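Residue numbers (my numbering): 69 to 527.
All remarks here apply to the structure that follows.
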Ligand code: UDP
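Shown next as structure tokens:
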């Protein structure tokens, strides 16, 4: 551990939305800043801070603010709308107080890196005279869809068979984010997602956890409008380099992982023989969908490691463990990067949260996409048709991916002709991901440029 005070060149305060898929990339970005001599402090809510721990060797400080729900977090709010509105009212004050407190310390704040979900944080940064840096944890392509709707450039409701947006391939309506093709089902989310772009023109920097080659056209289009820089993938280099021994403490887990059980189970399996399955930290698939995935896995006869969060376990078929025996391991959480980096993994059946997609792409793991909502259908489109590192499992008219489809897709990716092409592409994208973040790569240079601006600001 580095105990000597470091001669920090600047201080960035990073403020993710309090959820796993937002904290992970922003924390990893903080680590990159630290490695380049910038002091980084992560801000989270008082409630969440009770269950998280930042590894002291990361040199990242943790500060807390109130979101108005110190005892129970989001679960304490009447609704998600209530949570977001209260967070804005209380957080505007508590975040401002925190910046004032830090400005009186040895390390005044130069920049507030705030999650796109908190556009009000821009006003806090503006008032206190620090750089306003918005961080998007979703890909640029998805951001551009929301931006076009927010500015009225894409008339709603969507009509016609396809949607045309600059920098993106033509999207079928069902390939747009679910809040866009079905806004009435998610009114609160719709507003929050569009509001991300309400004041983007005032941001000093717009950072996105993607990399240039992944979304070249849309990145170039957006970079003409804002100082947009791609800084991803924020996957720690130790995984990209397969040097995972000795440092497994790479992030913050909001759920308790069962890492040793997963890894010892994977050790006993042949190379590229296991399907890793996860629907991430938020999605609650329908019971029917979980059962179809379960029986599809059994039918495929592949080994599988399936993350089913504690609260979702009852959705598994009753006799599933007996029916599948040695073939499968179900855990309630794992260190996903460690699992994806393991040579026994042959494919990832994923809900296509952007972090999961980026992690699989960076580690060269082929995917079977089973998107559920939000940006996931758009990410799945890119997996299948743009990066070509996987296939999308087609749902039926009720929106359920049936067991036969799960089986077929797994066979295609693990054993079929198509699998050969997909694995070649997965290897290619793994190399490109590493190039982007390695010294002198596009994302690395963008981070250097950002750091230079932070330092410049301190002079
Ligand atoms: N994750 C994990 N262990 C698990 C499942 C997920 O560490 O068992 C991590 C995963 O590596 C990713 C994040 O949780 O970084 C999930 O983010 P994503 O954007 O994929 O999905 P979300 O949870 O936001 O829907």
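Each residue gets a CB set at the ideal place from its N, CA and C atoms; glycine is no exception.
Just so it is clear, the structure is predicted and the values come from calculations on it, not from any experiment.
Distance check between residue 218 and each of 264, 254, 231, 237 places 264 closest, using alpha-carbon atoms only.
When DSSP states are grouped into helix, strand and coil, residue 415 belongs to the strand group. Assigned with DSSP and collapsed to three states, residue 396 falls in strand. Residue pairing by DSSP places residue 131 opposite 111 in a beta bridge. At least one heavy atom of the ligand UDP lies closer than 7 Å to the C-beta of residue 404. Distance from the C-beta of residue 204 to the nearest heavy atom of the ligand UDP is not below 7 Å.
In the DSSP assignment, residue 289 forms no beta bridge with any residue. Ranked by Cα distance from residue 326, the first of 271, 400, 276 is 400. Under DSSP, residue 458 forms a beta bridge with 435. With a cut-off of 7 Å, the C-beta of residue 349 is classified as near the ligand UDP, since at least one heavy atom of the ligand falls inside that distance.
Remark: the C-beta of residue 427 is in contact range of the ligand UDP, defined as less than 7 Å to any heavy atom.
Within the DSSP secondary-structure output, residue 375 pairs in a beta bridge with 346, 399. The ligand UDP has a heavy atom closer than 7 Å to the beta-carbon of residue 92. When secondary structure is reduced to three states using DSSP, residue 298 falls in the strand class. For residue 201, the enclosing beta strand (DSSP E) has its first and last residue at 199-204. At the C-beta level, residue 301 and residue 426 come within 8 Å of one another.
A heavy atom of the ligand UDP is found nearer than 7 Å to the CB of residue 401.
Close CB contacts of residue 411 within its chain, under the 6 Å cut and outside five residues either way in sequence, are with 339 (chain order).
Nearest in C-alpha terms to residue 223, of all of 248, 199, 203, 207, is 248.
Straight across, the Cα-Cα distance linking residue 183 with residue 393 is about 43 Å. A buried status is given to residue 432, since no fewer than 16 other beta-carbon atoms sit within 10 Å of its beta-carbon. Annotation: the continuous beta strand (DSSP E) that includes residue 274 extends over 273-276. Between residue 373 and residue 333, the C-beta gap is smaller than 8 Å, which places the two residues in contact. Partner residues in the beta bridge of residue 239, as assigned by DSSP, are 231. Note on residue 121: under 16 other CB atoms within 10 angstroms of its CB, so exposed under the neighbour-count rule.
In the three-state reduction of the DSSP assignment, residue 81 falls in the strand class. With distances taken between CA atoms, residue 149 lies nearest to 256 out of 109, 134, 256.
If you look at residue 181, you'll find it in the beta strand (DSSP E) that goes 179-183. In summary, residue 348 is buried, with 16 or more beta-carbon neighbours lying within 10 Å of its beta-carbon over all protein chains present.
The beta carbon of residue 519 is closer than 8 Å to those of 77, 78, 101, 104, 105, 106 in its chain, skipping five residues each way along the sequence. The beta carbons of residue 141 and residue 113 sit closer together than 8 Å. Exclusion of the five residues before and after residue 153 leaves no residue of its chain whose Cβ lies closer than 8 Å to its Cβ.
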